[in-house]
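Structure, as structure tokens:
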Amino acid sequence: MRIALIATCLGDAMFPQVPRATTELLERLGHQVVFPAGQTCCGQMHINTGYVREGLGVVRHHVEVMEQGGYDVAVVPSGSCTGCIRHQHGMVARRAGDDGLAERAEAVAGRTYELSELLVDVLGVTDVGAHYPHRVTYHPTCHSLRMIRVGDRPLQLLRAVDGIDLVELPGAEGCCGFGGTFALKNPATSAAMLDDKIAAVVSTGASACTAGDASCLMHIGGGLSRQDKEIRTVHLAEILASTR
Amino acid sequence: MSTFLGMPSPLRGEQSFPKASVKELANGQLRRNLQKATSTIRAKRAAVVAEVPDWEELRDAGAAIKADVMARLPELLEQFEAAVTARGGVVHWASDAAEANAIVTELVRATGSDEVIKVKSMATQEIGLNEHLEAEGIAPIETDLAELIVQLGHDKPSHILVPAIHRNRTEILDIFRREMPDVPADLTDEPRRLAMAARAHLRRKFLSVPVAVSGANFGIAETGTLTVVESEGNGRMCLTLPQTLITVMGIEKLLPSYADLEVFLQLLPRSSTGERMNPYTSLWTGVTPGDGPQEFHVVLLDNGRTNALADQVGRAALHCIRCSACLNVCPVYERTGGHAYGSVYPGPIGAVLTPQLTGMQGHDDPSASLPYASTLCGACYDVCPVKIDIPALLVELRARAVETDAAERRLPTGWAAAMKAAAWVMANDRRFAVAEKASRVGRVVARDGSFHRLPPPLNAWTGSRDLPAPPAQSFREWWAEREAGREGEREGGGDTG
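As given, the protein sequences belong to chains F and S, one line each in that order. All residue numbers for the first sequence refer to our numbering, where the first residue is 4 and numbers rise by one. All residue numbers for the second sequence refer to our numbering, where the first residue is 9 and numbers rise by one.
Shown next, in the form of structure tokens:
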């Protein structure tokens, strides 16, 4: 299958290991990965901060880039970016009175999958042949869980990883307090939520905390680092890309 | 930054959510009380909802009935008025809080009483009825246990359903000892004994006060019937013992027919208290000679609802049946409690409803900060019994807050300028690649690959978290390098594989 990789702005600029791992994983599974070079961002930060008009140009750009084709399906190693593409792009266009763009955005979204959805639903694989001999706890990010509803797909994938010691995270479904610009606009509340999430992660005895969103991991990882906890954050794609 | 010059009201606090929440977060006792109470009620709700095989269908039905009500509210209100009048009740129309308060005061005065017993009601909280009555020389007596705790403590409710959720039993004992005139000398903080003390205190009032004020959970347009659901029996006392009953109800509380209660009396108790059925469900229609109150008044309250109805977002928020399930699952509410919202409607639905009812008057209006009091985690939407998509409504309200603010000021805020610049960068991959390279300048001030202290506004992040420094190579650079390498292999190596 020819799979277009949407690296996400954060993955591209700050966490290149995540789109790299996604590329390596999909190529190892025998697929061809293409990177539509014009891509930038899904516009989620603008939209969710209220700058919906400003986000419109970003949405239009994403649609134009992804409409050029040359791929069967697109993959995003992020639940929240997938959620934005799937549930918000059409709304942003319609709100601006551009129904044509909304329909095009929805057509693009219809071919776009979050990583665990792509693997389990489209490619029909749960054992990706990964090896990761560490104690790991999984944080199901809010948008993966409640916006695009990935369910237990990431856990199905993780359980099939050779050598992994997967431990349950207490209060796993609770938000880590990131919420995009919420972390800046309401820093005290965000920090209170983060403290509880970190306490839960520490209580598992895991050496790594994983999730399907680099943004939430940036938040949790930033707190772990500040509190001098020897626990690393690692994206689901990185675990699935690891081999013996 | 200037402060909001409007008047604080039961719907609008004096401070923005970020400021007010800092104070609440510093209260460790409050955090523990809230954590314990919300986690208990969350677990109860989850257990009783899981027992209902057609829960999702019930939610769909609830949403559909509410959508129908909003679509033909004027017609249903007229039908309701005619039905109440035909059965001996009197209907009053109040366009705002001041009108509603004046009507109720007048009606209480006509009874000759200087006391009034009250059933727990959000509508009367919303209009500040107690404060108004007190100013007019009439003593309102809250008869719901938690409302009584709040009233005796000279406090404000912090939850729609459990107004004293921020108090634990030791604090309640202190309040009773200090404020209850007939408090037993040997009272302890055992919950049963606290309830018994309140019961004895209230019983004297139930038997002597001739007028009661209630809210309503539902009003039936077809028959003019009103409904109050409650857990303590205090409501039943207020609704049956006095000579005069005055009900204040928001106009959105109507249901078309009696049969619609079938849906809502399943949805509400499971969502709110986590019970299969609430202990007391009272339904009454007009006046019944020789049985119950012989004088019955309904005050139909608008107070911003017609404006909200005219608007797509506002209309969805009016579907709310005040169950408070969204408060109990909200990770923000769980940390800050209800007072930080500055409105009698706190939590996720409050963050939607309050700005709808008050309007958002520019950046300094506390109401304009409420749509941002959410991480958009979506837990509220999942539990809403009438499927209000609260996160989507919050995003829409944020867009309006930004648009209103931009229209009002000549110079953009720092946020607006930054967002505009970011949108310009992100709508073009060349500009984006340049920005990625530029961000690497920051690497020189990073320690151990992280930033520990950044200037405003990013100090809001580094106050409690580190931020990794940008990597030496972006993904697109890695990709381009890899492609170039492959290109080279293909050109140089020929078909040797």
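Beta carbons are placed, not taken as given, at the ideal position from N, Cα and C, and that holds for glycine.
*Reducing DSSP to helix, strand and coil, say where Gly505 (chain S) ends up.*
For Gly505 (chain S), the predicted model reports a pLDDT of 39, less than 50, meaning its position is unreliable; a value from the coordinates is still stated below. Three-state result, Gly505 (chain S): coil.
*Hey, which unbroken runs of the beta strand (DSSP E) at 3 residues or more fall wholly within the region 112-189 of chain S?*
Those beta strand (DSSP E) runs which fall completely within the region 112-189 of chain S and span 3+ residues are 123-126 and 147-150.
*Where does Thr48 (chain S) fall in DSSP's three states?*
In the structure shown, Thr48 (chain S) adopts helical secondary structure according to DSSP, grouped into three states.
*Return yes when the Cβ of Asn311 (chain S) is within less than 8 Å of the Cβ of Gly322 (chain S), no when it is not.*
no
_Does the structure place the region 292-310 of chain S close enough to the region 93-109 of chain S that three or more beta carbon pairs sit under 8 Å?_
With the cut-off at 8 Å, the region 93-109 of chain S and the region 292-310 of chain S touch.
*Between Ala480 (chain S) and the ligand COA, is the CB less than 7 Å from at least one heavy atom?*
As for the ligand COA, it is missing from this structure, which has no ligand bound.
_Listed by chain order, chain S residues near His142 (chain F) by CB distance under 7 Å_ = For His142 (chain F), there are no neighbours in chain S by C-beta distance under 7 Å, as the nearest C-beta there is about 12 Å away.
*Where do the ends of the alpha helix (DSSP H) carrying Asp168 (chain F) lie?*
Looking at the DSSP string, Asp168 (chain F) is not in any alpha helix (DSSP H); the run it does join, the beta strand (DSSP E), is Asp168 to Val170.
*Can you name the residues of chain S whose CB is closer than 7 Å to the CB of Gly225 (chain F)?*
Arg473, Asp474 and Leu475
*On the DSSP bridge assignment, give the partners of Gln35 (chain F) in chain order.*
F:Arg5
_C-alpha distance - Thr192 (chain F) paired with Arg175 (chain S), whole-angstrom precision_ = 20 Å
*Report yes if the CB atom of Val112 (chain S) is closer than 8 Å to the CB atom of Val221 (chain S), and no otherwise.*
yes
*What is the DSSP secondary structure of Thr421 (chain S), counted as helix, strand or coil?*
DSSP places Thr421 (chain S) outside both helix and strand once states are collapsed to three, so it counts as coil.
*What are the start and end residues of the alpha helix (DSSP H) that includes Val391 (chain S)?*
Ala387 to Val391
*Applying a beta-carbon distance threshold of less than 7 Å, which residues of chain F neighbour Thr344 (chain S)?*
Thr192
*For Gly438 (chain S), which three-state DSSP category applies?*
In the sequence under discussion, the amino acid at residue 438 (chain S) is Arg, which differs from the Gly named in the question. Correct three-state label for Arg438 (chain S): helix.
*asked:* Quick check: what's the CA-CA separation for Arg490 (chain S) versus Met4 (chain F)?
replied: 20 Å
*Nearest-angstrom Cα separation, counted from Thr236 (chain F) out to Phe38 (chain F)*: 25 Å
*If you check the beta carbons only, do Gly224 (chain F) and Gly82 (chain F) fall under 8 Å apart?*
no
*Span of the alpha helix (DSSP H) around Ser280 (chain S)*: Leu269 to Ser280
*Where the beta strand (DSSP E) containing Phe304 (chain S) begins and where it ends*: Glu303 to Leu309
*asked:* Please report the straight-line C-alpha distance between Ile49 (chain S) and Glu411 (chain S), rounded to a whole angstrom.
replied: 38 Å
_Three-state secondary structure (DSSP) of Tyr349 (chain S)_ = DSSP places Tyr349 (chain S) in helix when its eight states are reduced to three.
*Reference Gly241 (chain S), options S:Ala206, S:Ala431 and S:Thr344, closest by Cα*: The option with the nearest alpha carbon to Gly241 (chain S) is S:Ala206.
*the region 74-91 of chain F contacting the region 111-120 of chain F, beta-carbon criterion three pairs below 8 Å*: At 8 Å Cβ cutoff, the stretches touch.
*Under 7 Å Cβ to Cβ from Gln43 (chain S), same chain only, skipping five residues before and after it: list those, please.*
Glu342
_chain S contact residues for Met69 (chain F), given Cβ-Cβ distances below 8 Å_ = Within 8 Å Cβ-Cβ: nothing; Met69 (chain F) doesn't reach chain S, min ~13 Å.
*How far does the beta strand (DSSP E) with Arg138 (chain F) in it reach, from first residue to last?*
Judged by DSSP secondary structure, Arg138 (chain F) falls within the beta strand (DSSP E) whose first and last residues are Arg138 to Tyr141.
*Alpha carbon to alpha carbon, what distance is there between Arg177 (chain S) and Asp194 (chain S)?*
15 Å
*Mark His146 (chain F) as exposed unless 16 or more other C-beta atoms lie within 10 angstroms of its C-beta, in which case mark it buried.*
Burial check for His146 (chain F): the Cβ neighbour count within 10 Å reaches 16 or more, so the residue is buried.
_Cβ of Leu309 (chain S) within 8 Å of any chain F Cβ_ = no
*Candidates S:Tyr380, S:Arg418, S:Trp423 and S:Ser375: which alpha carbon is nearest Val403 (chain S)'s?*
S:Tyr380
*How about Gly505 (chain S): is its C-beta nearer than 8 Å to some C-beta of chain F?*
Residue confidence for Gly505 (chain S) is low, a pLDDT of 39 falling below 50, so the modelled location carries little weight; the figure read from the coordinates is stated next. Taking 8 Å as the threshold, the shortest C-beta distance from Gly505 (chain S) to chain F does not fall below it.
*Nonlocal neighbours in the same chain, by C-beta distance under 7 Å from Cys212 (chain F), ignoring five residues either side*: Cβ neighbours of Cys212 (chain F) beyond the five flanking positions: Thr140, His142, Val204, Ile223, Ile234 and Thr236.
*Euclidean distance between Cα positions of Asp231 (chain F) and Arg152 (chain F)*: Approximately 33 Å between the Cα atoms of the pair.
*Given a threshold of 16 other Cβ atoms within 10 Å of its Cβ, counted over all protein chains shown, does Thr196 (chain S) qualify as buried or as exposed?*
exposed
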